[in-house]
Amino acid sequence: MNFWLFKSEADVWSWDQQVAKGDQGEEWNGVRNYQARNFMRQMQIGDRGFFYHSRADKEIVGIVEVCALSHPDSTSDDPRWDCVDIKAIRPLTQPVSLSKVKSDPRLTEMVLVNNSRLSVQPVTAEEWNIVCALGSTEPQVD
DNA sequence: GCCAACGTTGGC
DNA sequence: GCCAACGTTGGC
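The UniProt record's numbering applies: residue 1 is where the first sequence begins, and numbers increase by one.
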C-alpha cells in the first residue's frame, strides 16, 4: 500500500463535504497537472491519503482511502485528465498544521514542504507515521 | 491582498 | 524546440 496527500481549498471542496459523501466517496476531480495526474494513475484501491486544507487553513485534517482506480475526470472533456475516487476514513484527532510539519526535523523531505504547489503528492510510510503521531491518531494500516 | 514559484501555451 | 507571456497556486 502507498500513501498520498490530497490538497483542497476548504471553500472549494472541504473535509466536511468529503465526509458527507460517506463510503461511496467522491471523484478527486479538477486536477489539471500532469505530475498530480500521474500519481493518481499509480494509486491502488485501499491506498491511504491525508486530506489537506490549503490556503486559509493550511493543515492536514483527515485520512482518506482510494476507493476507485484512475478513470476519466467527469469534469473535463479533455481525455488527458484522469482522477481517482476517495472516501473519508476519519479525521485526525488533532489537525496537523503546515507550520508543525515544517518545524519537525524528520519531515523536511516531505513534498508538502518542498513543492507546495503540487496538489496530489506521495507520502512515505515514515512520514505517514510521524504525521499520524503528531495528529494523535493511530496510523491504522491494515 | 501580494507576489514568488511554477506550469502551460503559443508564436517564432 | 525555445522561450516570453500568461495564468494559477498557495504561503505569507
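From the three backbone atoms N, C-alpha and C, an ideal C-beta is built for every residue, glycine too. Just so we're clear, the structure is a prediction, and the values are computed from it rather than from any experiment.
What are the start and end residues of the alpha helix (DSSP H) that includes residue 130?
Here the alpha helix (DSSP H) through residue 130 covers 125–134.
Secondary structure of residue 17, DSSP reduced to three states:
Of the three classes helix, strand and coil, the one that applies to residue 17 here is helix, per DSSP.
Option nearest residue 46 by Cα separation, candidates 85, 17, 126 and 129
Per the C-alpha coordinates, the member of 85, 17, 126 and 129 positioned closest to residue 46 is 85.
Buried versus exposed, by CB contacts within 10 Å (16 or more), residue 48
Buried, since its Cβ has 16 or more Cβ neighbours within 10 Å.
Do residue 15 and residue 91 have their CB atoms nearer than 8 Å?
Yes, Cβ-Cβ distance for residue 15 and residue 91 is below 8 Å.
Which complete beta strand (DSSP E) runs does the UniProt domain "EVE" (2–133) hold, if anything under 3 residues is left out?
Counting only runs of at least 3 residues, the UniProt domain "EVE" (2–133) fully encloses the following beta strand (DSSP E) elements, listed from N- to C-terminal order: 3–9, 48–54, 59–72, 82–97 and 120–123.
C-beta atoms of residue 7 and residue 87 nearer than 8 Å:
No, the Cβ-Cβ distance between residue 7 and residue 87 is not below 8 Å.
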